[in-house]
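First up is the structure itself, then whatever we jot down about it.
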Amino acid sequence: MPPQNTQPKYRQIAEYLREGILNGTYPAGQPLPSEETLAKQFGVTRPTVRQGLTELRASGLVEVIMGRGTFARSPQTRPSHTRPRGIRRTPDGGYVEADGIRWANAEPPVATRTDAPLALADLLRIPPGEPMFTYDALQTADNGRLRQLHRTYVPFSVLIDTKYEEEAPPPAPELYAALGDLGHELHFTEYIRTRMPLPDQAQALRLPEGVPLLHITRVTLTATEKPLALEEFHLPGDDLELSFRL
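Everything in the sequence shown is counted per the working numbering, starting at 872 for the first residue and increasing by one.
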């Protein structure tokens, strides 16, 4: 006689669906059985079914689309979008992103003053608390289908004895040309990690529950590896992969 399953019913439902998603019974993008069907199958109420689905949403294995139902999201499925990372020079001396995407700011970014937190100060090799020009932008492309949050930091100390002591420098990517005009040969280093979004980030990027962020930190450096500026990019991490030429 097989051992009796002593797990709570909602967890049994979650495990049943998780196994079906991982073994391909429910392919990515396909609808899962309805709440009513699962409730009858397991002899429970619909709120119990929803509790099991909530577990799967938190782990990123299902997506609930209002008015359409609940859909599988397999971790083995290749993302729909592949974006090359990097920066290239244009013939006129400008800088463009390697992915060629033309981003538009939802609103014109405005320079604000912030004090460098410890983690960013370490990357920029400046004292914690040093003032910085900071720009924030929600950027969209492809008629709003693609979204990212972009933040630019420029330490005040980088701008000493330049015209930008009297006026704010432009945000990236225009910042690169401005730094080049100051005589710097630019190089870039990126750091990439994932984390769960803050509530305002999830709202701005329209992220379903359980979807992580790709958090990219880009440091702009001189030829002698002196940091000049830092950028942060936050992108949806559910249907996107990044590629690099080595």
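Even glycine gets a Cβ: it sits at the ideal position worked out from N, Cα and C.
Nearest candidate by alpha-carbon position, reference residue i, set the options
i     : options                     : result
P1041 : P1002, I1087, R959 and T983 : T983
A987  : T953, T1023, L903 and L1113 : T1023
S905  : V920, P898, T896 and T1033  : V920
P898  : R944, S951 and T1093        : R944
H1105 : Q901, A1008 and F1115       : A1008
A1043 : E968, N894 and H952         : E968
P998  : R1016, S1028 and D970       : S1028
L1053 : A910, T1033, G895 and P902  : T1033
A992  : E1038, G938 and L1101       : L1101
L1085 : D1071, E1103 and E1096      : E1103
P863  : F1115, E1001 and R882       : No answer is possible for residue 863: the residues shown for the chain start at 872 and end at 1117.
E1056 : T1095, G957 and D963        : T1095
Host alpha helix (DSSP H) of residue i (start-end)
i     : result
R959  : Per DSSP, R959 belongs to no alpha helix (DSSP H); it is in the beta strand (DSSP E), I958 to R960.
T925  : R917 to A929
I972  : Unbroken run through I972: none, as it is neither H nor E.
L989  : L989 to L995
E907  : E906 to F913
L1113 : First-last for L1113: L1111 to S1114, but that is the beta strand (DSSP E), not the alpha helix (DSSP H).
Q1074 : P1070 to L1076
Supposed contact pair residue j and residue i - C-beta distance, whole angstroms, cut 8 Å
i     : j     : result
L932  : I892  : 5 Å
M1003 : P980  : Going by Cβ atoms, the distance from M1003 to P980 rounds to 14 Å, so no, they are not a contact pair.
A1089 : E1061 : The question names Ala, yet the displayed sequence has Arg at residue 1089. 5 Å between Cβ atoms; contact.
P1107 : L1069 : Between L1069 and P1107 the Cβ distance is about 14 Å, and since that is not below 8 Å, they are no contact.
Y1035 : T1091 : No, Y1035 and T1091 are not in contact; Cβ-Cβ is about 14 Å, not under 8 Å.
A929  : G1081 : 5 Å
F942  : P879  : Incorrect: roughly 24 Å between the Cβ atoms, too far for contact.
C-alpha distance - residue i paired with residue j, whole-angstrom precision
i     : j     : result
P955  : I1063 : 13 Å
M872  : T1011 : Because M872 sits at a pLDDT of 43, beneath the cut-off of 50, its placement in the model cannot be relied upon, and the following sentence gives the value as read from the coordinates. Answer to the nearest angstrom: the Cα atoms are 58 Å apart.
A977  : N1014 : 12 Å
A990  : L1099 : 15 Å
R915  : H1021 : The residue asked about is misnamed: residue 915 is Val in this sequence, not Arg. Spanning the two alpha carbons is a distance of roughly 46 Å.
E934  : E1038 : 47 Å
P1083 : G900  : 18 Å
L888  : L1017 : 30 Å
D1109 : Y966  : 28 Å
I936  : Q1072 : 19 Å
R996  : H952  : 35 Å
G1000 : R959  : 32 Å
R973  : L994  : 28 Å
DSSP beta-bridge partners of residue i
i     : result
R984  : F1004
G895  : In DSSP, G895 forms no bridge with anything.
P1098 : L1092
T1065 : L1085
I936  : G940
R1018 : T1011
T1060 : V1090
E1122 : No answer is possible for residue 1122: it lies beyond the span of the chain, which begins at 872 and ends at 1117.
Opening and closing residue of the beta strand (DSSP E) in which residue i lies
i     : result
A1043 : No beta strand (DSSP E) holds A1043; DSSP gives it neither H nor E.
T953  : H952 to P955
F1027 : Looking at the DSSP string, F1027 is not in any beta strand (DSSP E), and its letter there is neither H nor E.
F942  : G940 to A943
Y966  : Y966 to E968
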